[in-house]
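Beneath this line is the structure, given in structure tokens, with notes to follow.
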Amino acid sequence: MSAQLRSRFVTPGDREAMARSLAGRRIEAIRRHGKFIVCQLDRGVLTIHLGMTGKLLLDGPEGTHSYGVFRLDRGTLVYDDPRQFGSIEYTDALPARVADLGPEPLGISLEDFLARLKARRTRIKPLLLDQGFVRGIGNIYADEILFRARIHPRAVASRLSRRRAMELYAAMRETLALAIEHRGSSISDYVDAAGEKGSFQLLHRVYGREAKPCSECGGPIRRILVVQRGTHYCPRCQRS
DNA sequence: CAGATCACCTGCTTGC
DNA sequence: TGCAAGCAGGTGATCT
16 MSAQLRSRFV TPGDREAMAR SLAGRRIEAI RRHGKFIVCQ LDRGVLTIHL GMTGKLLLDG
76 PEGTHSYGVF RLDRGTLVYD DPRQFGSIEY TDALPARVAD LGPEPLGISL EDFLARLKAR
136 RTRIKPLLLD QGFVRGIGNI YADEILFRAR IHPRAVASRL SRRRAMELYA AMRETLALAI
196 EHRGSSISDY VDAAGEKGSF QLLHRVYGRE AKPCSECGGP IRRILVVQRG THYCPRCQRS
């Protein structure tokens, strides 16, 4: 590959060094680690995080917010990110923040999940968002999972009964499996690498549905702040 | 350790 | 129509 980089997450000096290091490299494997895209190269590792508005498009258009352009033998990967909350890094080995991620929510066993939950005295919503607890869950899916599990976003993790914790585990797996099946949630502009939108936003029960009727009880969905994140839930269906 | 606050950015929507 | 405020899919630093 050859790379042009403008990401503000790399200092200007490092950008040139990174572009030089990437020149002529071959991608040997690409894996997802939670929200990170990790490209194993013939030398070193290229790690990309899309942040909130990042897109990595194969042969996508280049515009004002294209902060990384990777020319490959077949096609060009364009990294576009208006808000610049994403990141591109090149390291010798897997970066610590990727190595330190918690387990995959679709990979962890029920017993491991229950044990990890029991050990934490924090509120359940920020815990689901904590990438060291489980990897890959963001704000949309935390809200949708908690609705499905009928658990209040401010419930204390360690105080959930075994039964309710099991329901949370099931809700997490079901919600994520369904979302993957529908190829994600396109709220305003999210698209996958091929430029395709997802359709899971059509199945959201609480996220983005403030004041609309709950699909279970008909009462209004409420929006509150939990650790400074917009949080949507049904006050009647979801209990601490 | 948990939580609050702020910071990083642009762009879209809402309300006056 | 214009302008300011508020909001957005994420993460990390710093302070209490």
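Just so we're aligned: 118 in the numbering used here is position 103 of the first sequence, and the numbers increase by one with no gaps anywhere.
Note that CB positions come from ideal geometry on N, CA and C, so glycine has one too.
Item                                                                                                                                                                                   : Value
Who does residue 211 pair with in a DSSP beta bridge?                                                                                                                                  : In DSSP, residue 211 forms no bridge with anything.
Straight-line CA distance for residue 145 to residue 242?                                                                                                                              : 12 Å
With 16 other CB atoms within 10 Å as the buried threshold, where does residue 122 fall?                                                                                               : exposed
From what residue to what residue does the beta strand (DSSP E) around residue 51 run?                                                                                                 : 51-56
Got a sec, what are the start and stop residues for the beta strand (DSSP E) residue 95 sits in?                                                                                       : 91-95
Which residues share a DSSP beta bridge with residue 60?                                                                                                                               : 55, 106
Does DSSP put residue 200 in a helix, a strand or coil?                                                                                                                                : coil
Cα-Cα, which of 143, 170, 149, 147 is closest to residue 160?                                                                                                                          : 143
How would you label residue 228, buried or exposed, when you count the other beta carbons within 10 angstroms and need 16 or more for buried?                                          : exposed
Let me confirm a value: residue 190 is counted as buried when at least 16 other C-beta atoms fall within 10 Å, else exposed. Which label applies?                                      : buried
Could you check whether the segment 94-101 touches the segment 61-81, counting it as contact only if at least three pairs of C-beta atoms, one from each stretch, sit closer than 8 Å? : yes
Roughly how many angstroms lie between the CA atoms of residue 182 and residue 164, to the nearest whole one?                                                                          : 6 Å
Is it true that the CB of residue 62 sits closer than 8 Å to the CB of residue 104?                                                                                                    : yes
Looking only at its chain, what residues have a beta carbon closer than 6 Å to the beta carbon of residue 198, apart from the 5 residues adjacent to it on each side?                  : 213
Within this structure, are the beta carbons of residue 134 and residue 173 separated by less than 8 Å?                                                                                 : yes
With a 10 Å radius around its C-beta and 16 neighbouring C-beta atoms as the bar for buried, classify residue 27 as buried or exposed.                                                 : exposed
Alpha carbon to alpha carbon, how far is residue 33 from residue 44?                                                                                                                   : 19 Å
Would you say residue 148 and residue 136 are within 8 Å of each other, going by their C-beta atoms?                                                                                   : no
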